[in-house]
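Residue numbers for the sequence shown, in my numbering: 14 to 450. Below is one structure, written out as structure tokens, with a few remarks after it.
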Amino acid sequence: MADDRNDFFYAPELELLPRDQLRALQLARLTDTVTRAYERVPHYQAAMKEVGVTPQDIRGLDDIRRLPFTTKDCLRSNYPFGMFAVPREQVVRLHASSGTTGLPTVVGYTAKDIDTWTELMARSMACAGARPGDVAHNANQYGMFTGGLGFHYGAERLGCTVTPMSGGNTARQLMLMRDFGATVLIANPSYAFKLAEAAEESGIDIKSKLRVGLFGAEPWSDAMRAEIESRLGIITGDFWGLSEMTGPGVSVNCIGGHGLHVWEDCFFIEIVDPDTMEPLGDGEIGEIVITTLAKQAQPILRYRTRDLSSLSHEPCSCGRTHARIQRVVGRSDDMLIIRGVNVFPSQIETVLLAVPGVVPHYELVVHQEGPMVAMTVRVEASPQLGQGEYAGVAAVVRDRIKSAVGVTVHVDVTAPGALPRWEVGKAVRVRDLRRSA
Ligand code: DLL
């Protein structure tokens, strides 16, 4: 039975801090971060000189807008250790985000950074419903991906019994979840869905003890979330974060809450218009820009995440004072423009989950059709669907996408199991044939 109580705080002194005190803490940490970045990271000294700002100019939180932005390219051009603000010898851990093109983005942590991250993870996991004493099955990939070790350390700190399973080997995952009595599942949402499906197929009971799913690292629609919650009988936490900011542990929803609390004692969040770079108000969708407030090894100023969301400062019923972002449904660079219409993969996912006869194993193939860019939605039939019915279901999917998203696509309903599964790592939903041509 899922625990729906919102009355457990891992770090109440920080989570419930009145906003004026939270802002004072942010300002103290911001000036310290900017000073260290300026004095110790040549990239930041040069970038700040270029826009004519010094650490002394940062007197209030609004002055953050005077600082230069940081992009992935800044990190890449300082590969591997050029963004460090401490001697390499003080860095006890390295992670790197894969990056499909070019050099990976390196992230370094001092011992204190690991401790801060671990605290943030314990806090986040508790916020989403995990409790001391839980059996936490970690199916996130261990290694350079921050989702493995990040959750591992956080779960131990919270007081859980951790199974460091890592990704892959679905049959073994199910067996250990059942035998160890997992109460918390940590995974990418696409893999959680796959585990739910595989458990149903094999009749292995992972449901009766499971209470909470802690998922993230890739966009997932509300419809996918509802589907996983009902199939597994759990509540879920949506973890949004990125390696450059530490990994998971930047933001998460509270139990039953709308939006994700951003831990503002450690991160300063802005939402900006990605075209003009001007700040946007509450409720307006734009690019998330984050400044680290508590990182020693690698302070980062105004990082352009490319993720799209909006911010809310409305008080939350859980009592936490930290602002919330709307769930991240996509990145500006995931947006496809098909026949002039902006399309996010998560919009297609929402439609697929509502059509009987298909399951949400899907792939969006983008290709050139004469002068036009076209898209074929490939989706698997549910095992109950007869082959003779594929064409009819494809027509339903096409019509629903046309009315919900406003774009005409081709639809190919495939046999069950025909599309790739992502047992390890993030699901890749888009195959762009124009890039491989
Ligand atoms: O994915 C960190 C993480 C691990 C978060 C485990 C949550 C759970 P990166 O590999 O650097 O770090 O990828 C970061 O993934 O900019 C988003 O585009 C996407 N992303 C992460 N979490 C979510 C989420 C980790 N909950 C990039 N919803 C980010 C949507 C997400 N997108």
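Glycine included, every Cβ here is placed at the ideal spot set by N, Cα and C. These numbers come from a predicted model, not from an experiment.
Asked: Status (buried if at least 16 other CB within 10 Å, exposed otherwise) for A310; Found: buried
Asked: Any non-hydrogen atom of ligand 1 within 6 Å of A141 CB; Found: no
Asked: heavy atom of ligand 1 below 6 Å from L255 C-beta; Found: yes
Asked: Residue-chain proximity (D128, chain B), Cβ-Cβ < 7 Å; Found: Included in the structure is just one protein chain, with no chain B present.
Asked: P312 classed as buried or exposed, judged by whether at least 16 other C-beta atoms fall within 10 angstroms; Found: buried
Asked: Close Cβ partners of M96 (< 7 Å) along its chain, the five nearest in sequence each way excluded; Found: V54, H56, L88, Q311
Asked: Nearest-angstrom beta carbon gap, T183 and A211 [assumed within contact, 8 Å]; Found: 5 Å
Asked: beta-carbon F6 near ligand 1 non-hydrogen atom, thresh 6 Å; Found: The structure shown has nothing for residue 6, since the chain only spans 14 to 450.
Asked: Same chain only: Cβ atoms within 7 Å of D126, ignoring 5 sequence neighbours per side; Found: K308, Q309, A310
Asked: Heavy atom of ligand 1 within 6 Å of S110 beta-carbon; Found: yes
Asked: Straight-line Cα distance separating H380 from G216; Found: 40 Å
Asked: Which of helix, strand or coil DSSP assigns to V386; Found: strand
Asked: G229 CB to nearest heavy atom of ligand 1 below 6 Å; Found: yes
Asked: G401 beta carbon near ligand 1 (any heavy atom closer than 6 Å); Found: no
Asked: Buried or exposed (CB count within 10 angstroms, at least 16 for buried), E393; Found: buried
Asked: The segment 346-358 contacting the segment 277-290, beta-carbon criterion three pairs below 8 Å; Found: no
Asked: T318 Cβ short of 6 Å to ligand 1 heavy atom set; Found: yes
Asked: Backbone CA spacing between P68 and L314 [nearest angstrom]; Found: 12 Å
Asked: Environment of S330 [buried if 16+ CB atoms lie within 10 Å]; Found: exposed
Asked: Through-space distance from E102 to A15, alpha-carbon basis; Found: Its pLDDT being 45, under 50, A15 is placed unreliably by the model, and nothing is read from it.
Asked: Y2, enclosing alpha helix (DSSP H) - first and last residue; Found: Residue 2 is absent from the structure shown; the chain starts at 14 and stops at 450.
Asked: Proximity winner among T304, G299, A230, relative to R78 (alpha-carbon distances); Found: T304
Asked: DSSP bridge partner residues for T118 (one or two, in chain order); Found: S110
Asked: W253: first and last residue of the uninterrupted beta strand (DSSP E) it sits in; Found: 248-255
Asked: Terminal residues of the beta strand (DSSP E) in which Y316 lies; Found: 316-322
Asked: Where V392 sits in the DSSP three-state scheme; Found: strand
Asked: Proximity of D320 and R344 at Cβ, strictly below 7 Å; Found: yes
Asked: Cβ-Cβ separation, S110 to V265 (assumed contact under 8 Å), whole Å; Found: 19 Å between Cβ atoms; not a contact.
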